[in-house]
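Right, one structure below, let's go through it.
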Amino acid sequence: GENVEQHPSTLSVQEGDSAVIKCTYSDSASNYFPWYKQELGKRPQLIIDIRSNVGEKKDQRIAVTLNKTAKHFSLHITETQPEDSAVYFCAAQNTGFQKLVFGTGTRLLVSP
Amino acid sequence: KAGVTQTPRYLIKTRGQQVTLSCSPISGHRSVSWYQQTPGQGLQFLFEYFSETQRNKGNFPGRFSGRQFSNSRSEMNVSTLELGDSALYLCASSLVAGSADNEQFFGPGTRLTVL
Chain U
136 GENVEQHPST LSVQEGDSAV IKCTYSDSAS NYFPWYKQEL GKRPQLIIDI
186 RSNVGEKKDQ RIAVTLNKTA KHFSLHITET QPEDSAVYFC AAQNTGFQKL
236 VFGTGTRLLV SP
Chain P
104 KAGVTQTPRY LIKTRGQQVT LSCSPISGHR SVSWYQQTPG QGLQFLFEYF
154 SETQRNKGNF PGRFSGRQFS NSRSEMNVST LELGDSALYL CASSLVAGSA
204 DNEQFFGPGT RLTVL
């Protein structure tokens, strides 16, 4: 069935370091890959997304890469700040439907 | 524009009871999806609705049901509650279903506790 694996489950970095979170999806029909940030007690919020016809997308300190052949996609955060501390979820979607298949989440802790 | 709203925000029920949760999408959005979030299982898809029709359903028992009204508002119902149904229930809305403009916006969730 559809599955998204996400690693690592926890990630601790020092402020200013880079953080990388990796996901692998199983459904070849997936063609949209959003990343959500969820702070404690709050709703998931979209931080960046990528469509299957694009290999890389960047938005200031955040970038996402996609390797369709290997079914891998990754989130890169540079120059991390304490306010980046949160749980990050990757997801995969076949845009024929709205269903998002989520990874298990990565708890990112950025220490000052 | 107001965001996605969910009511109630918190709910405490006992085993065997039933519960109805409500979701109002962003104005103009016609697609609503529901997710269950638990520490053990993460975020799991429940169902999605578009134009009052259920388009897709996740792997949940028949105790979980939903519907969408003509104004795009959606409700989900859980009957015969079990302890394991304790979770944060999130709904998400998007402009349309199955198009390139498919960013989903999440509501704040309803925290359901089953005692």
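Top line first, the protein sequences correspond to chains U and P. Numbering of the first sequence is given in this note's numbering, commencing with residue 136 and proceeding in unit increments. Numbering of the second sequence is given in this note's numbering, commencing with residue 104 and proceeding in unit increments. From the three backbone atoms N, C-alpha and C, an ideal C-beta is built for every residue, glycine too. Predicted model, so just to flag it, every value in this text is computed and none were measured.
Per DSSP, cross-strand counterpart(s) of residue i
| i | result |
| --- | --- |
| S134 of chain P | P:F153 and P:S197 |
| Q233 of chain U | Per DSSP, none; premise fails for Q233 of chain U. |
| E140 of chain U | U:T159 |
| R112 of chain P | According to DSSP, which records beta bridges pairwise, R112 of chain P is partnered with nothing at all. |
| Q144 of chain P | Q144 of chain P pairs with nothing; no bridge assigned. |
| Q171 of chain P | P:S177 |
| A190 of chain P | P:L215 |
| V103 of chain U | Residue 103 of chain U lies beyond the stretch modelled for chain U, which goes from 136 to 247, so this question has no answer here. |
| T123 of chain P | P:N180 |
Amino acids of chain P, ordered along the chain, whose beta-carbon sits closer than 7 Å to that of residue i
| i | result |
| --- | --- |
| F237 of chain U | G145 and L146 |
Best match in the options for proximity to residue i [C-alpha to C-alpha]
| i | options | result |
| --- | --- | --- |
| K234 of chain U | U:D162, U:I156 and U:D194 | U:D162 |
| E151 of chain P | P:T213, P:L114, P:N162 and P:T117 | P:N162 |
| S189 of chain P | P:G145, P:R214, P:Q157 and P:Q120 | P:R214 |
| E137 of chain U | U:S144, U:Y160, U:G151 and U:L146 | U:Y160 |
| H211 of chain U | U:S165, U:K203 and U:D184 | U:D184 |
| T128 of chain P | P:S197, P:N205 and P:G212 | Thr is not the amino acid found at residue 128 of chain P; the sequence shown has Pro there. Nearest of P:S197, P:N205 and P:G212 to P128 of chain P, Cα basis: P:S197. |
| F208 of chain P | U:Q149, U:V148, U:I156 and U:W170 | U:W170 |
| T183 of chain P | P:G169, P:T108, P:G165 and P:K160 | P:G165 |
| V222 of chain U | U:T230, U:G238, U:V189 and U:F208 | U:G238 |
| K203 of chain U | U:D194, U:R178, U:R186 and U:D219 | U:R186 |
| T117 of chain P | P:G187, P:S177 and P:Y138 | P:G187 |
| P111 of chain P | P:G119, P:Y192 and P:N205 | P:Y192 |
| N188 of chain U | U:P143, U:F224, U:S153 and U:T200 | U:T200 |
| A205 of chain U | U:S147, U:S144, U:E150 and U:C158 | U:C158 |
| G169 of chain P | P:G131, P:Y113 and P:Y138 | P:Y138 |
| R196 of chain U | U:L243, U:F208 and U:D219 | U:D219 |
| S173 of chain P | P:P142, P:L149, P:S130 and P:G143 | P:S130 |
| V122 of chain P | P:N159, P:P211 and P:V181 | P:V181 |
| P247 of chain U | U:Q149, U:Q141, U:E140 and U:V139 | U:Q149 |
| P143 of chain U | U:L181, U:G151, U:C225 and U:E174 | U:C225 |
| T241 of chain U | U:K192, U:L175 and U:E191 | U:L175 |
| G190 of chain U | U:T213, U:H207 and U:Q216 | U:H207 |
| S147 of chain U | U:G231, U:Q228, U:P179 and U:Q216 | U:Q216 |
| G176 of chain P | P:G119, P:I115 and P:S136 | As written in the sequence, residue 176 of chain P is Arg, which differs from the Gly given in the question. Comparing Cα positions, the closest option is P:S136. |
| V107 of chain P | U:Q180, U:D194, U:F232 and U:T213 | U:Q180 |
Beta-carbon neighbours of residue i, restricted to chain U and to distances below 8 Å
| i | result |
| --- | --- |
| P211 of chain P | K177 and R178 |
| L215 of chain P | Those do not exist, as L215 of chain P stays about 15 Å from chain U at its closest Cβ, beyond 8 Å. |
| L193 of chain P | R178 and P179 |
Within chain P, partners of residue i - CB distance below 8 Å
| i | result |
| --- | --- |
| K203 of chain U | By Cβ distance, chain P contributes nothing, its closest Cβ being about 17 Å from K203 of chain U, past 8 Å. |
| K234 of chain U | S136, F148, E151, N159 and G161 |
Min CB distance residue i to chain B below 8 Å
| i | result |
| --- | --- |
| Q109 of chain P | You won't find chain B in this structure, because its protein chains are U and P. |
Q) What residues from the segment 169 to 191 of chain P come within 7 Å of chain U, judged by C-beta to C-beta, listed N to C? A) none
Q.
To be precise: take each residue of the segment 136 to 158 of chain P, compare its Cβ to all Cβ atoms of chain U, and keep it if any distance is under 8 Å. Which residues remain?
A. Identification of residues in the segment 136 to 158 of chain P having a C-beta nearer than 8 Å to some C-beta of chain U yields S136, Y138, G145, L146, Q147, F148, E151, F153 and R158, given in sequence order.
Q: Name, going along the chain, the residues of the segment 150 to 174 of chain U whose beta-carbon falls closer than 7 Å to a beta-carbon of chain P.
A: Y167
Q) Which runs of the beta strand (DSSP E) spanning at least 3 residues fall entirely within the segment 154 to 231 of chain U, listed in chain order? A) 154 to 160, 167 to 173, 180 to 186, 191 to 194, 197 to 202, 207 to 212 and 221 to 227
Q. Which residues, taken in chain order from the segment 184 to 198 of chain U, show a beta carbon closer than 9 Å to some beta carbon of chain P?
A. D184 and R186
(Q) Taking beta-carbon pairs under 9 Å, can you tell me which members of the segment 116 to 137 of chain P lie near chain U? (A) S134, V135 and S136
(Q) Counting only Cβ-Cβ distances shorter than 9 Å, please list the residues of the segment 220 to 232 of chain U near chain P, keeping chain order. (A) F224, A226, Q228, N229, T230, G231 and F232
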